[in-house]
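Working notes, beginning with the structure itself.
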Amino acid sequence: MGSLKDTFSIHKRKLSVLLLAAVILAGIAAVYFYIQYKKVYVSTNDAYVTGRIHTIAAKISGTVRAIRVVDNQFVKKDDLLAEIDEKDYAVKLREAESALQSEQSRLLEISARRDVARKQLAETRHRIESARASLKLQEAQLKQADLDLKRADRLYAKEILPEERLEKAKTAFDVAVAQVDAAREQLKQAVASYETQKSLIAQSESAYEAQGAVVMQKEEARKSEELRKDYTRIYAPADGFVTRRSLEEGNQIQAGQPLMAVVPLTDVWVVANFKETQIERVRPGQKVRIRVDTYPGQMFEGRVDSIMAGTGSVFSLFPPENATGNYVKVVQRIPVKILLDPNTDPGHVLRVGMSVEPTIITR
Numbered sequence: 005m006g007s008l009k010d011t012f013s014i015h016k017r018k019l020s021v022l023l024l025a026a027v028i029l030a031g032i033a034a035v036y037f038y039i040q041y042k043k044v045y046v047s048t049n050d051a052y053v054t055g056r057i058h059t060i061a062a063k064i065s066g067t068v069r070a071i072r073v074v075d076n077q078f079v080k081k082d083d084l085l086a087e088i089d090e091k092d093y094a095v096k097l098r099e100a101e102s103a104l105q106s107e108q109s110r111l112l113e114i115s116a117r118r119d120v121a122r123k124q125l126a127e128t129r130h131r132i133e134s135a136r137a138s139l140k141l142q143e144a145q146l147k148q149a150d151l152d153l154k155r156a157d158r159l160y161a162k163e164i165l166p167e168e169r170l171e172k173a174k175t176a177f178d179v180a181v182a183q184v185d186a187a188r189e190q191l192k193q194a195v196a197s198y199e200t201q202k203s204l205i206a207q208s209e210s211a212y213e214a215q216g217a218v219v220m221q222k223e224e225a226r227k228s229e230e231l232r233k234d235y236t237r238i239y240a241p242a243d244g245f246v247t248r249r250s251l252e253e254g255n256q257i258q259a260g261q262p263l264m265a266v267v268p269l270t271d272v273w274v275v276a277n278f279k280e281t282q283i284e285r286v287r288p289g290q291k292v293r294i295r296v297d298t299y300p301g302q303m304f305e306g307r308v309d310s311i312m313a314g315t316g317s318v319f320s321l322f323p324p325e326n327a328t329g330n331y332v333k334v335v336q337r338i339p340v341k342i343l344l345d346p347n348t349d350p351g352h353v354l355r356v357g358m359s360v361e362p363t364i365i366t367r
């Protein structure tokens, strides 16, 4: 009987040792596989869905005349979202158009005067040419009259020519001298007129350029007022859902004031904040499995797009200053951008801000 009890006790101890060994081996195996899993699969629950949020702001001040959308409404790009009362801007546009027309009329007047001056200058140039030709002719006639007078003097001295013929030669010479003087004066006046008209044309050109600059300024002012009037109609910059609408009809709004946001849900991605000790093997292009809290039974696929150049704390509003006070080491987190597979189930809409749990397959 005692021998049987001893044998049972021995077997019991052996069984206990075997069980303990099995537990230890199982624990070692579990730790090994856990370590291997962590080497291949990197996950975090500090992640969320984000996307492009188009903040709609007014470009001008004014009173809201009409709102064409409601909260959470889907809109397409260039759909009308809201209208600002345009009366004041329409008046300013008409004033700018009137000022432009007035300056354009002045430009046309200056241009007409310049054209007249150019025509007169051409006519004066012809007058100068005619005056020079006339002077040349008169000088030739004077030369001939001088020869005739000298010949008449010689003949009169020899009593061959009567005094009457001599007087006629003198008269002809005096007339020729007077005609040459008149031709020279006429040429002088034509040249002076030409120089005066050249000066007037230069002034006209200068006035035309100056007025042209004024017209350009008025045209820019008109375009500016036209653009401001166009800004009274606010359009959607992209397809998406209207959110955070903060205006009502009759509200007085200021330029730059946010009015609403348009959020496209077709172009979203995940930002996952991994611990700095987790991203050693993370590389762009690696596959990612994503669980979304909203859809517990659904698995989304994606890939690593990029890794931020610094930790999140570095780019915070108040970055840490470790050079002062007592330093306490804190594990930093580095944002990783994850793009979703375009073939993701469209029936499960991912909305900006949703919590997710991505797992990166680093193998």
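Taking the working numbering, the leading residue of the sequence shown gets 5, the next gets one more, and so forth. Every residue, glycine too, gets a C-beta built ideally from N, C-alpha and C. Quick caveat, the model's predicted, so the values are computed rather than measured.
Nonlocal neighbours in the same chain, by C-beta distance under 8 Å from residue i, ignoring five residues either side
{"i": "G316", "result": "N277, Q336, R337, I338, P339"}
{"i": "Y212", "result": "L111, I114, S115, R118"}
{"i": "T54", "result": "V272, W273, V274, V275, V356, G357"}
{"i": "I283", "result": "V46, I311, I338, V340"}
{"i": "N76", "result": "F245, V246, T247"}
{"i": "E253", "result": "V68, R69, A70, I71"}
{"i": "Q261", "result": "A61, A62"}
{"i": "D345", "result": "F304, E305, G306, R307"}
{"i": "R56", "result": "A242, V267, P268, D271"}
Inter-residue CB distance, residue i and residue j (contact presumed, cutoff 8 Å)
{"i": "L84", "j": "R72", "result": "5 Å"}
{"i": "A187", "j": "A135", "result": "7 Å"}
{"i": "I342", "j": "W273", "result": "6 Å"}
{"i": "L231", "j": "A86", "result": "L231 to A86, Cβ: 17 Å. No contact."}
{"i": "L93", "j": "K291", "result": "One detail in the question is off: residue 93 reads as Tyr in this sequence, not Leu. That belief does not hold up - the Cβ atoms of Y93 and K291 are roughly 54 Å apart, past 8 Å."}
{"i": "T128", "j": "A206", "result": "Their Cβ separation, rounded to whole angstroms, is 15 Å, which puts T128 and A206 out of contact at 8 Å."}
{"i": "K96", "j": "E229", "result": "5 Å"}
{"i": "I384", "j": "I88", "result": "The structure shown does not extend to residue 384, since the chain is modelled only from 5 through 367, so no value can be given for it."}
{"i": "E224", "j": "R295", "result": "57 Å between Cβ atoms; not a contact."}
{"i": "L146", "j": "A180", "result": "4 Å"}
{"i": "A182", "j": "D152", "result": "A182 to D152, Cβ: 16 Å. No contact."}
{"i": "A265", "j": "H58", "result": "6 Å"}
Nonlocal neighbours in the same chain, by C-beta distance under 6 Å from residue i, ignoring five residues either side
{"i": "N255", "result": "V68"}
{"i": "L204", "result": "A121"}
{"i": "T298", "result": "M358"}
{"i": "R226", "result": "A100, E101, L104"}
{"i": "V218", "result": "E107"}
{"i": "D50", "result": "N277"}
{"i": "K81", "result": "A240, A242, D243"}
Any C-beta of chain C under 7 Å from that of residue i
{"i": "Q148", "result": "Looking for chain C here will not work: only one protein chain is present."}
Beta bridge counterpart(s) of residue i as assigned by DSSP
{"i": "L344", "result": "G306"}
{"i": "P362", "result": "I294"}
{"i": "R188", "result": "Paired residues: none, contrary to the question."}
{"i": "H58", "result": "V266"}
{"i": "Q258", "result": "Answer is none; Q258 lacks a bridge partner."}
{"i": "P288", "result": "In the DSSP output, where bridge partners are listed per residue, P288 has none listed."}
{"i": "R237", "result": "E87"}
{"i": "T247", "result": "A265"}
{"i": "V53", "result": "V274"}
{"i": "K279", "result": "R337"}
{"i": "I64", "result": "DSSP, once it has assigned bridges, lists no residue as partnering I64."}
{"i": "V45", "result": "The sequence as given places Tyr at residue 45; Val does not occur at that position. According to DSSP, Y45 bridges with I365."}
{"i": "I311", "result": "V340"}
{"i": "Y299", "result": "V296"}
Neighbourhood of residue i by C-beta distance below 7 Å, restricted to the same chain and skipping five residues each side
{"i": "E310", "result": "A small correction: the amino acid at residue 310 is Ser; Glu does not occupy that position in the sequence shown. For S310, where only same-chain residues beyond five positions count, the Cβ hits under 7 Å are P288, K341."}
{"i": "R131", "result": "A194"}
{"i": "Y235", "result": "K63, I64"}
{"i": "S197", "result": "T128"}
{"i": "K279", "result": "V335, R337"}
Local Cβ density within 10 Å of residue i, reported as buried at 16 or more and exposed below that
{"i": "V184", "result": "buried"}
{"i": "S20", "result": "exposed"}
{"i": "S208", "result": "buried"}
{"i": "Q201", "result": "buried"}
{"i": "V44", "result": "exposed"}
{"i": "R158", "result": "exposed"}
{"i": "K222", "result": "buried"}
{"i": "P166", "result": "exposed"}
{"i": "Q258", "result": "exposed"}
{"i": "L23", "result": "exposed"}
{"i": "A137", "result": "exposed"}
{"i": "A240", "result": "buried"}
{"i": "A156", "result": "buried"}
{"i": "G31", "result": "exposed"}
{"i": "L251", "result": "buried"}
{"i": "F319", "result": "exposed"}
{"i": "L29", "result": "exposed"}
{"i": "G66", "result": "buried"}
{"i": "V79", "result": "buried"}
{"i": "I14", "result": "exposed"}
I'd like the ranges of any beta strand (DSSP E) spanning at least 3 consecutive residues and lying wholly in the stretch 66-150.
Qualifying beta strand (DSSP E) stretches, in chain order: 66-71, 84-88.
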